[in-house]
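The structure under discussion appears below in the form of structure tokens.
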Amino acid sequence: MSASSSLATLGRYLSGEFENQAQAQADPTWYIRLRVWQRPTHLFASDSLTLFLEQANVVSQQPPYRQRVLRLQQTGAMLQGQYYALKQPLAFQYGGEQPERLAALTPDDLILLPTCTLEVTAEPAAANPVWFKAVPPADRLCCFDYQGQKKYVQLGFEVGTRQTAANQVELHIYDKGIEPETGRALWGALMGPFRLVKQAAYGIPS
29 MSASSSLATL GRYLSGEFEN QAQAQADPTW YIRLRVWQRP THLFASDSLT LFLEQANVVS
89 QQPPYRQRVL RLQQTGAMLQ GQYYALKQPL AFQYGGEQPE RLAALTPDDL ILLPTCTLEV
149 TAEPAAANPV WFKAVPPADR LCCFDYQGQK KYVQLGFEVG TRQTAANQVE LHIYDKGIEP
209 ETGRALWGAL MGPFRLVKQA AYGIPS
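Per our numbering, the sequence shown runs over residues 29 to 234.
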């Protein structure tokens, strides 16, 4: 698979609505029932595929949170993910379910997060279906400002299809908040990844 076709495949796998209902029912102590929206946008369309991300606790029915943008790009022979924060995240809340809210989203609405990058590889690279794995370079922590404080997150995800009868697209999210002084995990995927299954696919803008 060429790098350009890998980028297209990665974008197709990641674009959609995901949920971990089975995992949350099997292990409710450690895993909330999470719904994640990853909605394609027109941002950076000349050289990238860019997604608007947000998530919600299905049971609590609270508004979606963790609004952010993920830019997928081919850099040489590698695939890379670059995260951006939003200057006004609440202005785009519910954009996952209601894509019309993202119509006004421009690069000026974003804050580049230089430490929040992922290197993406296909494992195995020659196989179909492909399983993608995204990890930070040298286990680097993602650092950003939130409500006047520095926050640190260990990022990572895997996505693809397994060779099973269901042939579902699975998204495994490893994100967890970290206390930098001790390395202690504070929230998120404390006992292993959130294992979500795609519920709906979103088309990629042409």
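For each residue, glycine too, the CB sits at the ideal point set by N, CA and C.
Three-pair Cβ contact test at 8 Å for the segment 85–92 versus the segment 103–115: no
The segment 114–126 in contact with the segment 142–153 per 3-pair CB rule at 8 Å: Too few Cβ pairs lie closer than 8 Å, so no.
A84 to S32 span [Cα, whole Å]: A84 and S32: Cα-Cα distance of roughly 32 Å.
First through last residue of the beta strand (DSSP E) which encompasses Q53: Where Q53 is concerned, there is no enclosing beta strand (DSSP E), although the alpha helix (DSSP H) it sits in stretches over 49–54.
Local Cβ density within 10 Å of E82, reported as buried at 16 or more and exposed below that: buried
Collapsed DSSP secondary structure at E128 in the structure displayed: If DSSP states are grouped into helix, strand and coil, E128 belongs with the helices.
Start-end ranges of the beta strand (DSSP E) lying completely within the segment 70–150, minimum 3 residues: 76–85, 93–103, 106–114
G184 versus F120 - alpha carbon distance: Spanning the two alpha carbons is a distance of roughly 24 Å.
Own chain partners of R168 with C-beta closer than 7 Å, once the 5 adjacent residues on each side are dropped: Non-local C-beta neighbours of R168 in its own chain, meaning closer than 7 Å and more than five positions away in sequence, comprise T143, ordered along the chain.
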